[in-house]
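A.B. asks:
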Amino acid sequence: MNEDLYELIGGRSTIQAATELFYRKLVEDENLQHFFKRVDMAHLRSRQVMFISMLLGGRVHTGKDIHEAHSWSRDHGLNDAHFDLFLKYFREALEQAGVKPENAEKVMKRLESKRSMVLNK
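Following my numbering, the numbering of the sequence shown begins with 1 at its first residue and continues without gaps.
(1) Hey, could you find the ends of the alpha helix (DSSP H) Gln16 is sitting in?
(2) So, with DSSP's three-state summary, where would you put Leu32?
(3) Report all residues from its chain with a CB closer than 7 Å to the CB of Ser116; omit the five preceding and five following residues, and keep chain order.
(4) Taking Leu56 as the reference, which of Glu20, Asp4, Asn120, Leu21 has the closest Cα?
(5) Express the C-alpha separation of Asn120 and Tyr23 in angstroms, rounding to a whole number.
(6) Skipping 5 residues on each side, what residues in its chain have a beta carbon closer than 7 Å to that of Ser53?
(7) Is the stretch 97-117 touching the stretch 28-38 in the sense that three or more CB pairs, one from each, lie closer than 8 Å?
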């Protein structure tokens, strides 16, 4: 099923396009942009493409542990409201990249399943 979802949404090229759109939205949002001021955005985008691909069955993620990767952000106020914005913007980006709403919803469920790891709940 993982592999099917990765292919169903268009594979790496769709994930890459959605990730680009997503990060443009995040850095423009005053509620989120402070989390990215000290981040190498090109590196982050490439890691995010790998992570989303792995989450959907496309390839192995070789980046940091998701809990560790969000440590600094948690220490600086990352909370459920921020995570909700993340989900909103990623869903919009997926649909702008051509993913059908019903398939975007499946991706969002996978991302939602990572909330507790990101927020340390």
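Here a beta-carbon is modelled for each residue, glycine too, at the ideal position from N, C-alpha and C.
C.D. replies: Taking the structure as given:
(1) Here the question's residue 16 lines up with position 16 in the sequence shown. Its alpha helix (DSSP H) spans residues 11-28.
(2) Position 32 of the sequence shown, counted from the first residue, corresponds to residue 32. DSSP places Leu32 in coil when its eight states are reduced to three.
(3) Position 116 of the sequence shown, counted from the first residue, corresponds to residue 116. None.
(4) As a working note, residue 56 is residue 56 in the sequence shown. Minimum Cα distance to Leu56 is reached at Asp4.
(5) The residue you call residue 23 lines up with position 23 of the sequence shown. The residue you call residue 120 lines up with position 120 of the sequence shown. The straight-line gap from Cα to Cα measures roughly 23 Å.
(6) Along the sequence shown, one-based indexing puts residue 53 at 53. Counting only Cβ-Cβ distances below 7 Å, and skipping sequence neighbours, we find Tyr6, Arg12, Ile15, Arg59.
(7) By the C-beta criterion, the stretch 28-38 is judged not to be in contact with the stretch 97-117, since fewer than 3 inter-stretch pairs fall below 8 Å.
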